[in-house]
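Engineer: Just dropping this structure here.
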Amino acid sequence: MEENKKTLYSAIQPTNSLTIGNYIGTLRNWASYQNDYNCVFAMADMHAITVRQQPAQLRANTLALAALFIACGVDPDKCTFYVQSHVPCHAEMCWALNSLTYVGEMERMTQFKDKSKRHADNINMGLMDYPVLMAADILLYQTDVVPVGLDQRQHLEITRDIAIRFNNAYSPTFTVPEGIYAKVGAKICDLLDPTKKMSKSAENPNGSIFMTDDRDTVIRKFKRAVTDSDNCIKYDPENKPGVSNLLAIYTTFSGKSMDEAEREFDGKGYGDFKLAVGEIVADKLAPVQAEQKRILDDKAYLQGVLANGAEKAYKVARKTLSKVYKKIGFFQA
Ligand code: TRP
């Protein structure tokens with residue numbers, strides 16, 4: 038790792054297929070962070086099991102996600118790229134930090150409350166401990182910055198609290214991480230309910246474009262996207278959420294400005310507009326999908342990459358964990 042660069046940590050859970058919203062908000066950014074930071078990127082499979090997963094599906098999703106990231110430009114030689122469960126330090130650090138975390142704090146976390154409602158039959162200890170595992174992820178690598186979306190801000194805050202608490206209780210040990218709030222990319226909304234964020238777990242999959250959707254599916258979903266009745270292609274998220282969402286997707290995928298896009302579609306009907314959006318998205322997805330497939334078909338390569346990544350991650354993580362074990366008084370032979 039280069040000493041003069043700050044360390045950036047990010048992870049994503051290998052659950053469901055990712056959507057183009059994840060692509061804009063996360064996938065694309067990971068590749069672009071690589072030159073400016075020492076990047077540590079993980080597939081957070083240990084977080085994933087806090088809600089029920091089909092084992093075969095989890096396994097397949099983990100590999101598919103890894104291949105997708107590489108297809109999107111993550112270069113395993115430039116960063117540390119690994120599967121969370123391959124590095125035992127995460128669980129160990131989580132345990133150490135658990136004793137510095139209060140039950141009340143965890144009960145108050147917004148995501149815990151939400152997920153407890155959604156999975157009322159499975160409010161398990163892992164779900165409650167989720168933020169501490171996340172703190173372990175981040176603190177193990179002496180992370181300076183964590184790119185966070187709105188939904189993860191509270192988790193970063195608690196990570197900072199835990200780090201400061203540990204540093205005060207013992208002596209300075211952890212870097213206290215800062216959040217970076219990703220480039221204001223457009224927020225991509227559901228095609229059928231443009232007041233909601235596009236989600237990989239939406240009830241109706243027709244409102245989301247998945248990274249795995251083929252061309253026909255992409256075009257069909259855009260054809261059915263909700264618009265409005267005044268047949269005017271203008272960016273006005275307040276009054277025209279459907280059309281504005283499509284324009285946001287179009288500009289993001291084409292690289293054109295909003296002005297340019299509005300001029301391009303001036304006087305055109307919604308039918309033509311939706312087709313154009315569908316086509317530009319399908320055109321962008323096709324090469325990524327082909328590359329993902331090529332990588333997935335090369336199992337030996339992918340396994341090698343992940344084994345290497347785990348080894349690289351382990352070296353850094355073990356060093357921090359050893360410090361922690363020493364400070365908390367674990368006898369070290
Ligand atoms: N909880 C994050 C999510 O679902 C994934 C995650 C796990 C993460 N560990 C992390 C994100 C550490 C940033 C840093 O999006």
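Residue numbers (the working numbering): 38 to 370. Here a beta-carbon is modelled for each residue, glycine too, at the ideal position from N, C-alpha and C. Note that this is a predicted model, so its numbers are computed, not measured.
Could you check if N41 is buried or exposed, using at least 16 other CB atoms within 10 Å of its CB as the buried criterion?
Structural biologist: Along the sequence shown, read from residue 1 onward, the residue named residue 41 stands at position 4. N41 is exposed by the Cβ-count criterion.
Engineer: Looking at the unbroken alpha helix (DSSP H) that takes in K321, where does it start and where does it end?
Structural biologist: Along the sequence shown, read from residue 1 onward, the residue named residue 321 stands at position 284. Note, K321: alpha helix (DSSP H), Y307 to D334.
Engineer: For M248, which of L105, S122 and I332 has the nearest alpha-carbon?
Structural biologist: Residue numbering aside, residue 248 sits at position 211 when the sequence shown is read from its first letter. Of the listed residues, the one whose Cα sits closest to M248 is L105.
Engineer: Measuring straight from C-alpha to C-alpha, what distance separates Q121 and R96?
Structural biologist: Within the sequence shown, residue 121 is the residue found at index 84, counting from 1. Within the sequence shown, residue 96 is the residue found at index 59, counting from 1. Their backbone Cα atoms lie some 13 Å apart in a straight line.
Engineer: When you get a sec, list the residues whose CB is within less than 6 Å of any heavy atom of ligand 1, chain order please.
Structural biologist: Y46, S47, A48, I49, Q50, A81, H84, M171, D174, I175, V183 and Q189
Engineer: Would you mind stating whether I49 and L102 have Cβ atoms separated by less than 8 Å?
Structural biologist: Along the sequence shown, read from residue 1 onward, the residue named residue 49 stands at position 12. Along the sequence shown, read from residue 1 onward, the residue named residue 102 stands at position 65. Their beta carbons are under 8 Å apart, which means I49 touches L102 by this criterion.
Engineer: Assuming Y74 is part of the beta strand (DSSP E), what are its boundary residues?
Structural biologist: Locating residue 74 in the sequence shown gives position 37, counting from the first residue. Looking at the DSSP string, the run of the beta strand (DSSP E) that includes Y74 is Y74 to M80.
Engineer: Here's a check: name, in chain order, each residue in its chain whose Cβ is nearer than 6 Å to the Cβ of Y272, leaving out the five neighbours to either side.
Structural biologist: As a first step, residue 272 must be located in the sequence shown, where it is residue number 235. Result list for Y272: S281, L284 and M295, in chain order.
Engineer: Across which residues does DSSP place G141 in a beta bridge pair?
Structural biologist: Mapped onto the sequence shown, residue 141 falls at position 104. According to DSSP, which records beta bridges pairwise, G141 is partnered with nothing at all.
Engineer: How many whole angstroms separate the CB atoms of A108 and I332, which I take to be in contact at a CB cut-off of 8 Å?
Structural biologist: Within the sequence shown, residue 108 is the residue found at index 71, counting from 1. Within the sequence shown, residue 332 is the residue found at index 295, counting from 1. That pair is a contact at about 6 Å.
Engineer: Measure the alpha-carbon distance for D267 versus N241 and round it to whole angstroms.
Structural biologist: Reading the sequence shown from its first residue, position 230 is the one you call residue 267. Reading the sequence shown from its first residue, position 204 is the one you call residue 241. Roughly 26 Å separates the two Cα atoms.
Engineer: Any contact of the stretch 55–75 with the stretch 157–174, i.e. 3+ C-beta pairs under 8 Å?
Structural biologist: no
Engineer: Could you check where the beta strand (DSSP E) with K43 kicks off and where it finishes?
Structural biologist: Indexing the sequence shown from 1 puts residue 43 at position 6. Residues K43 to I49.
Engineer: With three or more beta-carbon pairs closer than 8 Å as the criterion, would you say the stretch 343–354 touches the stretch 65–73?
Structural biologist: no
Engineer: What are the partner residues of T210, as DSSP defines its beta bridges?
Structural biologist: Here residue 210 is taken as the residue at index 173 of the sequence shown, counted from 1. Bridge partners of T210: none, in fact.
Engineer: Would a C-beta distance cut-off of 8 Å place D227 and S245 closer than the cut-off?
Structural biologist: Position 190 of the sequence shown, counted from the first residue, corresponds to residue 227. Position 208 of the sequence shown, counted from the first residue, corresponds to residue 245. Yes, these two residues count as a Cβ contact at 8 Å.
Engineer: Could you spell out where the beta strand (DSSP E) holding E301 opens and where it closes?
Structural biologist: Position 264 of the sequence shown, counting from 1, holds the residue named residue 301. No beta strand (DSSP E) holds E301; the alpha helix (DSSP H) holding it covers M295 to E301.
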